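Numbered per numbering that gives the first Met the number 0, the sequence shown spans residues 0 to 256.
Positions of the beta carbon are idealized from the N, C-alpha and C atoms, including for glycine.
Bear in mind the structure is a predicted one, so any value in this text is a computation, not a measurement.
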Amino acid sequence: MSTAVVPEPAEVTWENLIPPEHWGVYACVLNRACRERIPFALGGGLALGYYTGRLRRSKDLDIYIRPEDRDEVVQMMTRCGLEDYYSVSPYVREWIYRGHQDGVIVDAIWAMANQRARVDDHWLCAGPTIQLCGQTFRVIPAEELIWSKLYVLQRDRCDWPDIMNLLYATGHKLDWDHLLRRVGPDTPLVKAVLSVYSWVCPERASAVAGRVWDELGLEPPRNEASPVSGIPPKDLLDTRPWLLAEAPPVPAWANAA
């Protein structure tokens with residue numbers, strides 16, 4: 000009797016999460032931006048995946064650019080064959096340009112959707128680099144990624160679970176001084192998400208420097224073994240897997256700089 004050989008699971012990388020037809024569109028935009036020396040950095044699912052080590056299929060590509068470069072980037076995307084997505088689904092154009100081609104979407108972002116802040120050079124130059132399809136690109140800093148996600152707290156969408164995963168993976172090494180300077184008068188949002196994060200996983204939250212809790216006027220997390228209810232706090236919010244089980248190593252396909 001022959002025994003079937005079970006193949007080893009393929010390594011999960013961006014290369015096999017991004018369909019070739021999508022990468023063809025992405026590569027045109029990214030390579031043109033490089034050739035034309037337009038500063039940019041990757042955001043969205045690629046940046047989140049870099050920091051958390053949790054890869055998920057990319058539905059579109061987010062590139063962050065300077066406000067003064069938006070017209071040039073729109074022209075560049077048009078030369079790559081992308082058309083304005085506005086005719087398919089109207090969107091607010093004050094902060095983003097959405098280009099599409101055969102169902103593939105590239106978003107060029109130069110500001111927050113709520114106009115709280117505009118992209119500056121720190122967004123584009125201070126983050127680490129990622130190896131993507133044999134090329135090296137920069138991603139936006141974790142602090143700016145958290146900052147932008149703080150305001151996505153809406154009835155039909157909430158990015159705070161993403162923030163808590165970012166804190167789980169990077170909270171011990173974040174530049175908290177920089178993040179709090181960025182947030183400024185909106186610091187209550189940081190206090191709120193840190194309070195929830197401390198309740199969800201106090202042991203991991205304790206890796207955040209004590210001075211951060213002091214500065215925000217928050218009580219440091221206590222390493223309580225289990226809640227009184229016997230149900231883990233994260234499961235009180237959602238029983239489906241959503242929180243990182245452990246601090247992930249930097250993936251093999253990434254190269255921190």
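Worksheet item: Rounded to whole angstroms, how far is the Cβ of R203 from the Cβ of Y167, which I believe are closer than 8 Å?
Response: 6 Å
Item to complete: For V25, I'd like the list of residues in its chain whose CB is within less than 6 Å of its CB, leaving aside the five on either flank, ordered along the chain.
Response: One detail in the question is off: residue 25 reads as Tyr in this sequence, not Val. Within the same chain, Y25 has close Cβ partners L60.
Item to complete: Quick one: using the 10 Å Cβ neighbour count with 16 as the cut-off for buried, is V87 buried or exposed?
Response: exposed
Discussion item. Give me the residue from L16, R65, Y63 and E93 with the minimum Cα distance to R55.
Written reply: L16
Item to complete: Would you check if the distance between the CB atom of C200 and the CB atom of K148 is smaller than 9 Å?
Response: no
Worksheet item: Under the rule that 16 or more other beta-carbon atoms within 10 Å means buried, what is Q134, buried or exposed?
Response: exposed
Fill in: Cut-off 7 Å between Cβ atoms - residues of its own chain near V211, not counting five sequence neighbours on either side
W175
Practice prompt. Closer than 8 Å by C-beta to P66: which residues in its own chain qualify, once you throw out the five before and the five after it? Chain order, please.
Written response: W109, A110, R117 and V118
Item to complete: Determine the closest residue to L236 out of I129, R180, V103 and V195, with distance taken between C-alpha atoms.
Response: V195
Fill in: Closest by C-alpha distance to W198, when choosing among P219, R180 and R181
P219
Discussion item. Suppose the cutoff is 6 Å on Cβ atoms and the five residues either side in sequence are ignored; what does the same chain contact list for I95 look like?
Written reply: D106 and I108
Fill in: Cβ-Cβ distance between G44 and T77 below 9 Å
no
Discussion item. Counting only C-beta atoms, is I108 closer than 9 Å to chain B at any point?
Written reply: Of the protein chains in the structure, only one exists, and it is not chain B.
Fill in: Assumed close pair L123, R137 - CB separation to whole angstroms, cut-off 8 Å
7 Å
Worksheet item: Sorted by chain position, which residues of the same chain lie with C-beta nearer than 6 Å to V73's C-beta, five sequence neighbours on each side aside?
Response: Y96
Worksheet item: Taking Cβ positions, are P160 and L242 nearer each other than 9 Å?
Response: yes
Item to complete: Given a cut-off of 9 Å, decide if C79 and R36 are closer than it, judged by their beta-carbon atoms.
Response: no
Worksheet entry | Range of the contiguous alpha helix (DSSP H) that encloses T238 | First-last for T238: undefined, no H or E at that position.
Worksheet item: Looking at I139 and G126, is the spacing between their C-beta atoms short of 9 Å?
Response: yes
Worksheet item: According to the Cβ coordinates, are V182 and M163 closer than 9 Å?
Response: no
Practice prompt. Using the DSSP secondary-structure output, state which residues sit across from Y63 in a beta bridge.
Written response: A40 and I108
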